[in-house]
Amino acid sequence: MTKQGRVQGVRGSRVQAALTPRERFGLLVIDEPQDRVPVYPLVTSHAAFVASMKLQEYCTRGRSMARAQLTAQEQYGHDFISIFSEVGIIAEALGSGFEYPDDDLPVLRRPRLNSVAEVPLLAEPDAITAGRFPVYYEAIEYAYEAVGDRVPILAFVPAPFTTALHLVNGEEFLLALTLKPESAHELLDRVTEVTIGFLREIVNHGALPMLVDPLASGSVISPRTYRDFALPPERRLIDFLHRYDLDITLHICGDTMLMLPLLKETGADLVSLDHVDLDEARRVIGDSQRLIGNFDTSRLLFKSPAIIEQEVRAMTKTGAASPKGFVAATGCEVPVRTPPENVRAFIRGARPKSE
Amino acid sequence: MSFSDPVPARITFPEWGRLFEQIPTDLIQQYHYFRKQAVVRGARVPEFERIADCGTRAAEWPWSTYLFPPQTFAIYGSRHLRRLKFDNSLAALRMWGFVMNETERLFRARQIGKRVIATMGDLGGTPPMVLAAGNTVPFYPDCIWWVPFTNESTVLFDAAAAMGIGESACYSRAALGAFAKRSYFPDPALCIGATGASCDDYSSVEQLVAGMGYPVFWFELPLRKDAGPGSCEAFACTPAGTEYQTAARELLVAQFERLRRELSKALDCEITEAALNASIRQVNEIRRRIRHIREMVHSAPAMVFPAPEMMVLEFGNLHFYSDISEWQAILEHVEQTIEQRLARCDYLGPTDALRVVWVTPPADPLLLVFAEDLGLRVVGTEYVINQALSEIPEDREPITALAENLLNASLVGSSCARAQSVIDQAREYQAEGVVISGILGGSHCAFETRLIEEYVSRELDLPVLAFDVPAPAPAVSSQVRTRLEAFAELLRARRE
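Heads up: the protein sequence lines correspond to chains A and B, in order.
Take the first sequence: its letters are residues 1 to 355, numbered as in the numbering used here.
Take the second sequence: its letters are residues 1 to 496, numbered as in the numbering used here.
As structure tokens, then:
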């Protein structure tokens with residue numbers, strides 16, 4: 001060791017110890033290069049399948065949901081924990097009736113409202129105890145205590161447009177967007193308030209909220225409808241979370257190609273894309289947002305591991321060129337009964353071959 | 001845009017969550033880091049002068065806000081925050097947000113072209129010179145030792161172990177893990193590694209850092225001797241009253257001269273005497289303010305600002321949490337808050353709290369919270385960083401001034417001198433006991449604890465509680481808990 005007034009010379013490349021998922025994500029959100037692209041097959045209810053758990057148990061018991069998530073993360077080694085069952089959770093807290101099949105996801109049976117004109121009938125749910133909110137909180141707490149120092153805990157929260165479609169009959173709500181827009185806005189405002197209460201508790205419990213608005217998809221509504229009805233509440237929720245300096249992901253399912261320019265207006269820090277051309281998304285989004293996406297989940301379910309690995313590698317190469325950063329992910333949730341070897345193939349494809 | 005501090009109290013994590021909702025968004029947007037920059041005569045100057053239109057540049061950097069609640073940092077992995085208690089003032093929130101945000105700030109510094117310099121092992125001695133180089137951000141990787149505790153995590157210790165330093169070394173080994181990870185701070189443009197009369201555990205960390213390929217400039221610290229009987233060396237005193245052999249000062253002056261040349265070369269700049277003087281003035285302003293805050297808090301009739309916050313403040317003297325100007329503004333805010341509380345007799349605890357001097361920083365802030373919950377009140381500290389509390393002389397040549405100031409350091413002197421500092425504070429603030437929280441694996445703690453205990457007992461007849469801080473955990477260990485409880489009982493019994 002030389003000490004006498006000299007600077008010790010640089011010896012080749014420096015050591016880079018393996019990063020934890022949290023360290024990797026931390027670098028991504030402050031615009032620093034990571035050791036590799038973060039990998040995130042959207043493992044949600046599929047975790048129950050991995051943990052040999054009935055979906056009813058997964059969706060209704062927080063500790064079980066967390067245990068399944070931890071099991072899946074341990075087996076696959078992906079970079080995020082997902083606290084999520086399905087998108088009805090806020091509608092349920094507001095009074096919509098759901099049924100819980102033994103081994104399937106909850107099903108909406110009775111929307112709370114018959115029409116958007118009934119908005120005043122909506123009660124004020126308790127943000128701590130209503131519906132299955134406590135299931136989420138328990139799941140977050142359990143996962144956070146277990147791996148919160150190493151793995152980011154994402155809590156999926158349905159955005160108001162999607163929740164509204166679980167409070168009123170879908171057709172009725174979509175018609176109201178044209179025929180009774182004031183009432184539709186009133187409903188969305190109300191749902192936004194309730195969602196903010198839910199977000200606040202999620203933040204207090206230690207999870208990073210991720211907004212999901214699957215029914216605001218281009219496969220369901222036009223860009224104009226999205227701009228007028230879905231985007232404003234999304235923006236409000238993101239503004240609320242930005243008060244905490246949180247990096248927020250917005251996920252929209254399906255084909256959002258025509259909505260890409262509007263996604264920038266949401267203020268989301270990361271956008272999770274499904275059926276879009278990644279090259280084109282990169283061009284439109286530019287350096288304003290980080291991209292998450294977007295492997296086709298039907299291919300994940302049905303193709304062979306070799307094909308999946310090859311296609312994910314190609315996707316990752318394309319996505320990694322995003323100027324603001326990229327997370328190699330599936331375009332939507334990993335289907336519940338996806339063969340685990342396919343998910344492993346996805347992860348192999350998204351990671352460098354040397355790993 | 002208004003927010004009034006509530007009635008002073010120590011509040012929990014969820015309570016800060018609720019209080020934060022009352023803070024207007026405009027107020028959050030008001031506080032930024034790296035905002036006080038100026039271009040003078042075509043070149044960036046060091047951030048010595050307060051710039052009037054400080055908000056101008058900040059608006060360009062939306063990432064530079066920092067007034068966020070503990071919830072934000074807990075979500076990003078600082079799990080311990082959920083178990084702490086906090087002062088409920090806006091100034092305290094601002095301080096916590098700024099401190100917890102430091103990792104991002106260091107990376108942003110590099111992104112906007114500042115030169116990030118790792119100062120290591122000298123505990124406050126070299127940053128004034130680094131700042132004088134201009135457009136620089138000095139920081140202490142040593143301070144990463146808090147991270148395993150705030151995160152309740154062994155991630156950095158595991159990484160250090162993989163690099164060759166395991167549990168036999170003190171918690172500062174976390175810094176080695178951070179160097180290996182390259183995700184806690186950007187690769188420094190230069191590392192200044194103190195050796196000699198420094199922490200030997202950390203010195204071994206520095207050597208391994210050099211072995212990893214980081215450019216390390218070695219900076220030798222001399223041992224400070226007391227003038228014993230029959231000593232034939234020449235001795236002098238620092239303005240703070242610390243006696244030292246003049247040869248030690250000469251060695252340090254030479255070290256600072258070498259450092260000045262190295263920084264000039266590495267950063268391609270000239271470190272002028274004027275810049276050094278300006279840097280010293282700004283650092284002194286901060287040190288004066290912290291001394292004032294300490295005096296107000298320790299001499300108050302009751303707790304006026306909690307011990308965890310005070311510890312964070314004291315450590316801010318080392319490198320100003322990577323933005324000296326904003327740190328200065330935060331200190332002003334804290335100082336005003338405390339002055340107001342004192343003027344109104346607004347306290348956070350009873351006037352009959354048990355007064356203790358705390359020796360060696362408890363790596364685990366939960367220990368201070370627990371002690372305050374038990375009715376203890378910290379009225380003096382010896383955190384091994386007292387050289388960063390004393391002002392650098394402004395009436396002499398700056399390099400000599402820096403050298404003399406560094407000779408006040410606890411770490412370069414004898415255990416006896418350190419014990420004397422504890423005794424002096426205990427006398428001044430009528431302490432009823434002394435708590436020494438040793439650092440597991442810290443080799444100086446092993447022998448020094450017993451010596452300090454002995455000196456204090458002999459001089460003051462005060463009870464001393466000494467224990468090693470256990471490894472990171474979600475709760476205070478039952479053994480430490482029991483010992484602190486028993487100590488509080490003992491102090492109460494001595495009053496009767």
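Quick reminder that beta carbons are idealized off the backbone N, C-alpha and C, glycines included.
From a predicted model like this one, the values you see are computed outputs, not experimental measurements.
Whole-angstrom distance between residue j and residue i, CA atom to CA atom
i	j	result
E206 of chain B	V7 of chain B	46 Å
L484 of chain B	A371 of chain B	7 Å
R79 of chain B	F447 of chain B	33 Å
T71 of chain A	A47 of chain A	7 Å
A133 of chain B	S279 of chain B	9 Å
L105 of chain A	E86 of chain A	7 Å
R182 of chain B	R108 of chain B	14 Å
I324 of chain B	D158 of chain B	32 Å
T266 of chain A	L177 of chain A	20 Å
L108 of chain A	Y58 of chain A	17 Å
A161 of chain B	A471 of chain B	14 Å
F346 of chain A	W63 of chain B	33 Å
T449 of chain B	I436 of chain B	7 Å
E104 of chain B	Y321 of chain B	11 Å
P209 of chain A	E234 of chain A	12 Å
Continuous alpha helix (DSSP H) stretch holding residue i: start and end
i	result
V253 of chain B	246-267
S457 of chain B	443-460
P427 of chain B	Residue identity check: residue 427 of chain B is Arg in the sequence provided, not Pro. Start and end: 415-428.
A176 of chain A	170-179
I89 of chain A	89-93
R492 of chain B	478-495
A18 of chain A	Premise fails: A18 of chain A is in no alpha helix (DSSP H) and is neither H nor E.
A216 of chain A	It is not in any alpha helix (DSSP H) - A216 of chain A carries neither H nor E in the DSSP assignment.
Proximity winner among the options, relative to residue i (alpha-carbon distances)
i	options	result
R396 of chain B	B:V253, B:A189, B:Y140	B:V253
D277 of chain A	A:T316, A:S288, A:S45	A:T316
E453 of chain B	B:W358, B:S89, B:L176	B:W358
T360 of chain B	B:K181, B:A329, B:N386, B:G164	B:N386
P232 of chain A	A:Y244, A:A216, A:R243	A:A216
D245 of chain A	A:E57, A:V203, A:S354, A:V271	A:V203
A493 of chain B	B:G124, B:P398, B:L462	B:L462
S415 of chain B	B:G177, B:H444, B:E459, B:M296	B:H444
P152 of chain A	A:P305, A:R22, A:T297	A:R22
N408 of chain B	B:P306, B:E243, B:D5, B:T103	B:E243
A275 of chain B	B:E428, B:A486, B:P398	B:P398
G213 of chain B	B:E270, B:S204, B:D187, B:I271	B:D187
Q75 of chain A	A:E201, A:V343, A:P209	A:V343
G241 of chain B	B:I392, B:R83, B:E233	B:I392
M100 of chain B	B:S390, B:V147, B:T126, B:T400	B:V147
Whether residue i touches residue j by CB criterion (8 Å)
i	j	result
R110 of chain A	G131 of chain A	no
I439 of chain B	V469 of chain B	yes
Y40 of chain A	F80 of chain A	yes
S322 of chain A	L291 of chain A	yes
V119 of chain A	K180 of chain A	no
T72 of chain B	Q29 of chain B	no
L42 of chain A	Q34 of chain A	no
V93 of chain B	A189 of chain B	It should be noted that the sequence gives Leu, not Val, for residue 93 of chain B. Not a contact, by the Cβ cut-off of 8 Å.
I90 of chain A	V194 of chain A	yes
F13 of chain B	L81 of chain B	yes
E314 of chain B	I290 of chain B	yes
A17 of chain A	A174 of chain B	no
N284 of chain B	E432 of chain B	no
Range of the contiguous beta strand (DSSP E) that encloses residue i
i	result
Y40 of chain A	39-42
F98 of chain A	97-99
F326 of chain A	326-333
M210 of chain A	208-212
E382 of chain B	376-382
Residue i: CB within 7 Å of a non-hydrogen atom of the ligand HEM
i	result
K353 of chain A	Among the ligands in the structure shown, none appear at all, so the ligand HEM cannot be discussed.
Residue ranges of each beta strand (DSSP E) within the region 72-96 of chain B, 3 or longer
85-87
Going residue by residue through the region 231-319 of chain A, where are the continuous beta strand (DSSP E) segments of at least 3 residues, counting only ones entirely within it?
249-251, 270-272, 290-295
4 or more residues per run - each alpha helix (DSSP H) lying fully within the region 290-371 of chain B:
307-319, 324-344
Could I get the ranges of all uninterrupted beta strand (DSSP E) runs contained in the region 147-175 of chain B, with 3 residues as the minimum, in chain order?
none
Beta strand (DSSP E) runs contained entirely in the region 91-148 of chain B, provided each spans 3 or more residues
115-120, 136-139
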